[in-house]
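J.: Pasting a structure here, questions to come.
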Amino acid sequence: MGINKLLPQLYGGRMEDQLTGFAGLEDLKNKKNGASIDTGTLIFVCALVHKSSCLAGDYRPAVAEFQRRITILICIYKWDANFVFDGVPPEAKRYEHERRQDDKDRVPITSTYILMCVKVCQQMFLKYVVAPEEADMQAGREGNSRPVCRDSDLAAYNNKIIYIIDSYFTETYRKIDLTVPDTPELRENYPLHGYYIDYGRVVIHWWAAVLGCDISKSRGGISGLGDKAFLDALGTFSQRSADLNSSTFSEALLKCAKQAVSWEAKEIEAELDRVTKWFLNGGSFYDKEGNLLSNKGDIIRKADDNPLQLRHMRGDVDPRSMAELTVEQTETMSRLEPHNLLHNSKESVEQIKGISLPAGRNSLDECRNPELKAMIVARGGNVTGDDGKALNGSQMRQLLRAYMSREELCPLTSVHFKRDR
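Residue numbers for the sequence shown follow this note's numbering, beginning at 4 and rising by one.
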């Protein structure tokens, strides 16, 4: 769910601010920044596309869809990406988890499905991590990287640039930019953003408490209070007032409420403080060594004190429970062959954007076989011959040189390849 009604209040977050085309996202190619991708939404939409198969217990089509999408991001758009997967569901979000389970139309995202997607990343030599809790907590703390997600919570974790992916299929997204200059126009069009400039992310925490978020008992937050009452209450304080705190703000909220509110001022104050505390120090994430850190960056538990953390981070145990893999999970993973998932897939010609080599490769001769396969599949080709056997490295390089020679002739337009090679 994220934080209700937050994105339209931030610069770049409205649907009319939506942008199209991943080709222009240059900062996601930059190794200094790169993309920290919360895979929660991506693997869900891949499962939704193949809902009937997933509901029947066969997640392989969804895993193939996931592989196809990340191949496009890595091989065509050259994102320097780290893929972040959900871990153990946090107890604080139990109300949201219960709401999701009540959704009869929702496709279940199982631990095994997550592990299958993790194996795809392993076999494609991609950076990945299984988060200790939910992926958004990890993705929002990847140093200078740009979070790529569908979750408004990332703004509450103090990220300044956030890419909200509305669709991986149509390549539509919104870019939330919390670094834009303070102007009268900004404050008029995005009033909450103006208050964020004045007071920092605490106003986003309070917004989450009042309007509702993943740790709210009720989906709608505090009944009787809405976005108008919230903004009116902040407007009763002078700009950057030192008098604004959770106590004075809760009283202002009640005065500005347009309808009856069952909560008392002290109860509202406690809720504001509870949600703020959660976003500041409630979640956790892993560092590169497998140490468990709090939201603030304090070490909760070192990897040496609990070797299970590092195994969980690598996807060697059940991501949701940290238990050892069952016999059924182990057999499923042993049967999964990511390099065979896309052999007969056909990518849309509109996705072919031009010459591209995997990050760190200067020529086809430097590419490993899984990378060659990924490049062929992204261009709509097959990596099996007429006899049904997989092409070897030499054959794949020959095919790719033919593709890329065509691309050199018209590098700025989509190239329509002959599908039978």
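The beta-carbon is built from N, C-alpha and C at its ideal position, and this holds for glycine as well.
Distance, Cα to Cα, THR113 vs LEU394?
T.: Taking the first residue of the sequence shown as position 1, residue 113 is located at position 110. Taking the first residue of the sequence shown as position 1, residue 394 is located at position 391. Between THR113 and LEU394, the C-alpha separation is close to 33 angstroms.
J.: Under the three-state reduction of DSSP, which class applies to PRO92: helix, strand or coil?
T.: Your numbering for residue 92 matches position 89 in the sequence shown. Three-state DSSP puts PRO92 in coil, outside helix and strand.
J.: Which residue from SER155, TYR160, LYS163, SER148 puts its Cα closest to that of ASP169?
T.: Counting from one through the sequence shown, the residue named residue 169 turns up at place 166. When each option's Cα is compared against that of ASP169, the closest is SER155.
J.: Could you tell me whether the region 220–240 touches the region 300–308, using the rule of 3 or more Cβ pairs below 8 angstroms?
T.: no
J.: In whole angstroms, what separates the C-alpha of LEU195 from that of LYS163?
T.: For the purposes of this step, residue 195 is taken as residue 192 along the sequence shown, with counting starting at 1. For the purposes of this step, residue 163 is taken as residue 160 along the sequence shown, with counting starting at 1. Distance between the alpha carbons of LEU195 and LYS163: 15 angstroms.
J.: Looking only at its chain, what residues have a beta carbon closer than 7 angstroms to the beta carbon of PRO361, apart from the 5 residues adjacent to it on each side?
T.: Here residue 361 refers to the residue found at position 358 of the sequence shown. Around PRO361: ILE77, CYS78, CYS370, GLU374.
J.: Cutting at 8 angstroms between CB atoms, please list the residues of its own chain near TYR202, excluding the five before and the five after it.
T.: On the sequence shown, position 199 is the one that residue 202 refers to. Only ARG243, LEU247 meet the Cβ criterion.
J.: Since LEU118 and GLN332 are thought to touch, with beta carbons under 8 angstroms apart, how far apart are those beta carbons, to the nearest angstrom?
T.: Locating residue 118 in the sequence shown gives position 115, counting from the first residue. Locating residue 332 in the sequence shown gives position 329, counting from the first residue. That pair is a contact at about 7 angstroms.
J.: Here's the rule I'm using: 16 or more other beta-carbon atoms within 10 Å means buried, otherwise exposed. How should SER287 be labelled?
T.: As a position in the sequence shown, residue 287 is number 284, starting the count at 1. The residue in question, SER287, is buried, as its Cβ has 16 or more Cβ neighbours within 10 Å.
J.: When we look at the beta-carbon of GLU136 and count the other beta-carbons within 10 Å, is it buried (16 or more) or exposed?
T.: Position 133 of the sequence shown, counted from the start, is the residue given in the question as residue 136. Under this definition GLU136 is a buried residue.
J.: For LYS349, name the three-state secondary structure that DSSP assigns.
T.: Numbered from its first residue, the sequence shown carries residue 349 at position 346. In this prediction, LYS349 has a pLDDT of 46, which is less than 50 and means its spatial position is unreliable; what the coordinates show is noted afterwards. Here LYS349 sits in coil by DSSP.
J.: Taking only the alpha-carbon atoms, compute the straight-line gap between THR182 and PRO111 and give it to the nearest angstrom.
T.: Sequence index remark: in the sequence shown, residue 182 carries index 179 (1-based). Sequence index remark: in the sequence shown, residue 111 carries index 108 (1-based). Going from the Cα of THR182 to the Cα of PRO111 covers about 37 angstroms.
J.: Can you list, in chain order, the residues of its chain whose CB lies under 6 angstroms from that of LEU214, leaving out five sequence neighbours each side?
T.: To locate residue 214, count along the sequence shown from 1; it is residue 211. Excluding sequence neighbours, LEU214 sits near ASN7, LYS8, GLY224.
J.: Determine the contact status of VAL123 and VAL87, defining contact as a CB-CB distance below 8 angstroms.
T.: Counting from one through the sequence shown, the residue named residue 123 turns up at place 120. Counting from one through the sequence shown, the residue named residue 87 turns up at place 84. No.
J.: Bridge partners of THR23, per DSSP?
T.: Locating residue 23 in the sequence shown gives position 20, counting from the first residue. BP columns for THR23 point to THR175.
J.: Output the residue ranges of the alpha helix (DSSP H) runs that lie fully inside the region 102–159 and measure 4 residues or longer, sorted by chain position.
T.: 114–126, 138–142
J.: Tell whether a beta-carbon distance below 8 angstroms holds between LEU367 and ARG323.
T.: As a first step, residue 367 is located in the sequence shown; it is residue number 364 there, counting from the start. As a first step, residue 323 is located in the sequence shown; it is residue number 320 there, counting from the start. Not a contact, by the Cβ cut-off of 8 angstroms.
J.: With 16 as the cutoff for other CB atoms within 10 Å, does PHE172 come out buried or exposed?
T.: Looking up residue 172 in the sequence shown gives position 169. Flag for PHE172 reads exposed.
J.: Can you name the residues that DSSP bridges to ALA393?
T.: Counting from 1 along the sequence shown, the entry for residue 393 is found at position 390. DSSP lists THR387 as partners of ALA393.
J.: Using the three-state DSSP reduction, which class does VAL320 fall into: helix, strand or coil?
T.: Taking the first residue of the sequence shown as position 1, residue 320 is located at position 317. For VAL320, the secondary structure class from DSSP, reduced to helix, strand or coil, is coil.
J.: Exposed or buried, which one is PRO341 when buried takes at least 16 other CB atoms within 10 Å?
T.: By one-based count along the sequence shown, residue 341 stands at place 338. Buried, by the Cβ-count rule.
J.: Do you know offhand how far GLU350's Cα is from ARG71's?
T.: Here residue 350 refers to the residue found at position 347 of the sequence shown. Here residue 71 refers to the residue found at position 68 of the sequence shown. For GLU350, the predicted structure reports a pLDDT of 48, less than 50, and the residue's modelled location is therefore unreliable. A value from the coordinates is still provided. Near 8 angstroms, if we compare the C-alpha coordinates of ARG71 and GLU350.
J.: Within its chain, find whatever has a CB closer than 8 angstroms to the CB of THR239; leave out the 5 residues flanking it on each side and keep chain order.
T.: Against the sequence shown, residue 239 aligns to sequence position 236. Once the five neighbours on either side are set aside, the close Cβ partners of THR239 are ALA255, LYS258, CYS259.
J.: Any chance the region 87–102 sits against the region 208–222, with 3 or more Cβ pairs inside 8 angstroms?
T.: Contact between the region 87–102 and the region 208–222 is present, because at least three Cβ pairs lie under 8 angstroms.
J.: Whole angstroms is fine: what's the gap from ASN85's alpha carbon to ALA38's?
T.: For the purposes of this step, residue 85 is taken as the residue at position 82 of the sequence shown. For the purposes of this step, residue 38 is taken as the residue at position 35 of the sequence shown. C-alpha separation (whole angstroms): 6 angstroms.
J.: May I ask you to report which of helix, strand or coil DSSP gives LEU195?
T.: Within the sequence shown, the letter at position 192 stands for residue 195. The answer is helix: DSSP assigns LEU195 an H, G or I state.
J.: Look up ASN85 in the DSSP assignment and say whether it is helix, strand or coil.
T.: For this step, residue 85 is matched to residue 82 along the sequence shown. Here ASN85 sits in strand by DSSP.
J.: Starting from ILE6 and walking both ways along the beta strand (DSSP E), at which residues does that stretch end?
T.: Sequence index remark: in the sequence shown, residue 6 carries index 3 (1-based). No beta strand (DSSP E) contains ILE6, which DSSP labels as neither H nor E.
J.: Taking DSSP's pairing of strands, which residues face ARG430 in a bridge?
T.: No answer is possible for residue 430: it lies beyond the span of the chain, which begins at 4 and ends at 424.
J.: For VAL205, I'd like the list of residues in its chain whose CB is within less than 8 angstroms of its CB, leaving aside the five on either flank, ordered along the chain.
T.: By one-based count along the sequence shown, residue 205 stands at place 202. Within the same chain, VAL205 has close Cβ partners THR279.
J.: Which of the three DSSP states is assigned to ASP201 in this structure?
T.: One-based indexing of the sequence shown puts residue 201 at position 198. If DSSP states are grouped into helix, strand and coil, ASP201 belongs with the helices.
J.: In this structure, how does DSSP classify ASP246 when only helix, strand and coil are distinguished?
T.: By one-based count along the sequence shown, residue 246 stands at place 243. In the structure shown, ASP246 sits in coil (DSSP, three-state: anything other than H, G, I, E or B).
J.: Looking at the unbroken beta strand (DSSP E) that takes in SER287, where does it start and where does it end?
T.: Working through the sequence shown from its first residue, we reach residue 287 at position 284. Unbroken beta strand (DSSP E) run through SER287: 287–289.
J.: How many Å lie between LEU402 and ALA67 at the Cα?
T.: The residue you call residue 402 lines up with position 399 of the sequence shown. The residue you call residue 67 lines up with position 64 of the sequence shown. Going from the Cα of LEU402 to the Cα of ALA67 covers about 22 angstroms.
J.: Mind checking whether GLY293 and GLN262 have CB atoms under 8 angstroms apart?
T.: Here the question's residue 293 lines up with position 290 in the sequence shown. Here the question's residue 262 lines up with position 259 in the sequence shown. Not in contact: GLY293 and GLN262 (Cβ atoms no closer than 8 angstroms).
J.: Determine the closest residue to HIS53 out of ASP290, ALA142, PHE69, with distance taken between C-alpha atoms.
T.: Residue 53 sits at position 50 when you count from the first residue of the sequence shown. For the residues ASP290, ALA142, PHE69, the minimum Cα distance to HIS53 belongs to PHE69.
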